[in-house]
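Heads up: the sequence lines are chains A and B, in that order. For the first sequence, position 93 (counting from the first letter as 1) is numbered 151 according to the numbering used here, and the numbering increases by one without interruption. For the second sequence, position 267 (counting from the first letter as 1) is numbered 270 according to the numbering used here, and the numbering increases by one without interruption. One structure is given below, encoded as structure tokens.
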Amino acid sequence: MDGMTMAEWLDDFLFTYETLIHALGVNGLLALSMYCVMAVGQLSLGQAAFMGIGAYTGALLTLNLGLPFWLVLPLSALAPAVVALVIGGPTLRLSGVYLAISTIALGEVLRVLYINAEWLTGGALGLSGIPRKADLWLIYLLLFLAVLGFWAVGRSKIGRAMEAMREDEAVAGVMGVNLPVYKMGALVVSAMLAGLAGCLTAHSNSFIGPNEFGFEMAVTILSFALVGGIGTPIAPVIGALVLTSLPEILRPLQDFRLVINGLIIVVAVLFLPRGVIPFRLRRAP
Amino acid sequence: MLSQQLVNGLVLGSTYALFALGFTLIFGVLRVINLTYGFYFSIGAFVALTVAREFGATIWVALPVGALSAGVVAVVADWILLTRLRRAKAGELASLMVTLGAVLALYSLMAVFIGTDIQRFPFGFVDNTAIEFGGIRISLVQMLIVGTTFVLVAVLFLLLQRTKLGLMIRALAENEDAARLMGINVGLTVAAVSFLSGTLGGAAGVLIGLNFNAIQPFMGEHMMLRGFAVIIIGGLGDIRGALIAGVLLGVLEVLTAGYISSNAKEAVAFTILVLTLWFRPVGLFGRAQAKRA
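Rendered as structure tokens:
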């Protein structure tokens, strides 16, 4: 630290790694939004799409209407929640693949619509010049509150019901767990978290584009939760921290970042089925 | 004007149908939403492009070579990714996640090696002429697309209904354990289904690559939106449903682009997908079992 004081060093550190530190916090929130759905045994691949809705909503409200940030933030959480209701309504009554399929499809259709609706979204160029209103402390406060909230819920009656659903949905239902309400609740909360993360990203990068919330991001968010595991709410956050800082450390592998992200999921599901993935292995009929 | 658009819609729709056919076949028989399917589409198109460019192959060589290579890739991918989960009788979401991770790795690997720029078939690869038919223009590429789709669908139906392999496949779709007890070689049948669907996906990739003359690693990913819509509208695992839903989607997209706007066209597939889920989750013909959770 040659001669620098601690405070100077910290300033320097924050300046150099600002983007990374922002991304770590936001990705932690995204990992939690994935956790929230997986905790009830469902698989949503629309977290990136929900994030995108939050990001575009937030950016447009700030840029076009000049709303204050304390109002923009909750509205950006609300918009994806409404979309989650429309998609979750029919799919959560059906087997799990329907939610997974329709949420991937959501990401793909939104990507195309962002590109085509140039008058609103800036098309392929995206939106830029978004004021940097998402302070570091705000991101980490929200992350802390989210972890705390999930931890508290996890220890309550609701948490036990969620665990029961994850283990065996039919049994949980018979035991009196209101399955549709829990599933829908989890999906809506997860969409809101993803929307928050999107809004924070928009207001810390000052730029958003249509390709940031697509398929690759959806898979990346899933890999956070799979690497960390979903035993406790802190686990997926740790997964996000590891996977977000990894490419910074392994610079030479930059080109292969997405290849590695994909392979991580393959390995996690194939070789760590009980430890890492929440889905019970079904017994032979 | 309307009849011209109906023809264009029919052409687009038959590529959708062809693409979705293999996808729904995998689900119908193997009970897996195999997301690597989109990659078969990309690799089929890319192999065809390569043999056309490097060896000057005609379409009659490039199309089967592209399609069959995709079939081989499908067999290998299924074997590596899903054998273990099948043996453990893991849930459908586990296999969905594995194929999701794998397909991102595959697309990205392809992008690392060949780049993400759009590549095109060599000039004059297929004849660009069109014939007029009572005021309706049909290009040779369009006729090739519809013709190939027709032939492949016919072959698939004959194979499923009239051959021993077809019988094995149908038995496996019905009940894996029962099929095994009847002496059916399940591993072989699974490989055959993968090969068939990979070939269909690859053929669709070559044809769509020709139609838009744009080939790029992630093209299969972008096609998946249509694939999802078609297999859900047709009913998961329902082959006839997928055919009709595919053509229907193509026609609706072209009509929407013609009469409303080309932006709205992009939302057609997703809109019908959500409407189907709300009002008719079992699909057009109600043959899919939309298992109530």
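All C-beta atoms, glycine included, are put in the ideal place defined by N, C-alpha and C. Being a predicted model, the structure only gives us computed values, none of them experimental.
inquiry  = For P310(A), count the other beta carbons within 10 Å of its own beta carbon; 16 or more makes it buried, fewer makes it exposed. Which is it?
reply    = Counting the other CB atoms within 10 Å of its CB gives P310(A) a total below 16, which places it among the exposed residues.
key: Contacts around R169(A), its chain only, beta-carbon distance under 6 Å, and the 5 residues preceding and following it disregarded   = P268 and G272.
inquiry  = Classify P132(A): buried if its beta carbon has 16 or more other beta carbons within 10 angstroms, exposed otherwise.
reply    = P132(A) comes out exposed.
request  = Could you work out which residues of chain A lie near P284(B), taking near to mean beta carbons separated by less than 9 Å?
outcome  = Under a criterion of Cβ atoms nearer than 9 Å, the residues of chain A adjacent to P284(B) are, in order, P148, T149, R151, L152 and Y156.
request  = Could you name the residues of chain B that S160(A) contacts, counting a contact when the two beta carbons are closer than 8 Å?
outcome  = Counting only Cβ-Cβ distances below 8 Å, S160(A) has contacts in chain B at F231, I235, L276, V277 and L280, in chain order.
ask   = Where DSSP assigns a beta bridge to E135(B), which residues make up the other side?
value = According to DSSP, which records beta bridges pairwise, E135(B) is partnered with R140(B).
task = For S214(A), count neighbouring C-beta atoms within 10 Å of its own C-beta (all shown protein chains included) and say buried if the count is 16 or more, exposed if not.
result = Residue burial annotation: S214(A) is exposed, with fewer than 16 other C-beta atoms found within 10 angstroms of its C-beta.
request  = Apply the 10 Å Cβ neighbour rule to L78(A) and answer buried if 16 or more other Cβ atoms are within range, or exposed otherwise.
outcome  = Around the beta carbon of L78(A), a 10 Å sphere encloses fewer than 16 other beta carbons of the protein chains shown; the residue is thus reported as exposed.
inquiry  = Whole angstroms are fine: how far does the CA of H225(B) sit from the CA of A60(B)?
reply    = Their Cα atoms are separated by approximately 27 Å.
key: Nearest-angstrom Cα separation, counted from T161(A) out to Y110(B)   = Y110(B) and T161(A) have their C-alpha atoms some 20 Å from each other.
ask   = Is the shortest distance between the beta-carbon of I79(A) and the beta-carbons of chain B less than 8 Å?
value = Proximity of I79(A) to chain B, defined by a Cβ-Cβ separation below 8 Å, is not satisfied.
key: Chain-ordered residues of the segment 108-136 of chain B with a beta carbon less than 9 Å from chain A   = Under the 9 Å Cβ criterion, the segment 108-136 of chain B contributes A108, L109, Y110, S111, L112, A114 and V115.
query = Closer than 9 Å, Cβ to any Cβ of chain B: which residues of the segment 296-325 of chain A, in chain order?
reply = From the segment 296-325 of chain A, only D313, F314, R315, L316, V317, I318, N319, G320, L321, I322, I323, V324 and V325 have a Cβ closer than 9 Å to chain B.
Continuous alpha helix (DSSP H) stretch holding R315(A): start and end = Residues R315 to F329.
key: Pick from Y156(A), M223(A), E166(A) and E176(A) that is closest to R34(B), judged by C-alpha positions   = Answer by Cα proximity: Y156(A).
request  = Excluding the 5 residues preceding and the 5 following S142(B) in the sequence, name in chain order all residues of the same chain whose CB lies nearer than 6 Å to its CB.
outcome  = Excluding positions up to five away in sequence, the list reads A133.
inquiry  = Which residues does DSSP list as the beta-bridge partners of F265(A)?
reply    = F265(A) has S186(A) as its beta-bridge partners, per DSSP.
request  = List the residues of chain A that E269(B) touches, going by C-beta distances under 8 Å, in chain order.
outcome  = Those are V167, V170, L171 and N174, listed as they occur along chain A.
request  = Mind listing the chain A neighbours of E95(B)? Cutoff is C-beta to C-beta under 8 Å, in chain order.
outcome  = In chain order: S153, G154 and V155.
task = Measure the C-alpha to C-alpha separation of V79(B) and F202(A) and round it to an integer number of angstroms.
result = A straight-line Cα-Cα distance of about 44 Å links V79(B) and F202(A).
task = Check whether the Cβ atoms of G237(B) and A248(B) lie closer than 8 Å to each other.
result = Yes; because the gap between Cβ atoms is below 8 Å, this pair is in contact.
Nonlocal neighbours in the same chain, by C-beta distance under 8 Å from A244(A), ignoring five residues either side = The residues C94, V95, A97, V98, Q100 and M220, in chain order, have a CB closer than 8 Å to that of A244(A) in the same chain once the five nearest residues on each side in sequence are set aside.
query = Looking only at its own chain, which residues have a Cβ that is under 8 Å from the Cβ of P336(A), when we skip the five neighbours before and after it?
reply = With a pLDDT of only 46 at P336(A), under 50, the local geometry of the prediction cannot be trusted, and the value read off the model is given with reservation. Sequence-distant partners of P336(A) (beyond 5 residues in either direction) whose C-beta falls short of 8 Å from its own C-beta, in its chain, are M96, A97, G99, R224 and I288.
inquiry  = Looking at the strands, I want to know which residues DSSP matches up with L299(A).
reply    = L299(A) is bridged by DSSP to nothing; it lacks a bridge partner.
query = When the cut-off is 8 Å and only beta carbons count, does I36(B) lie next to chain A?
reply = Yes, because at least one Cβ of chain A sits closer than 8 Å to the Cβ of I36(B).
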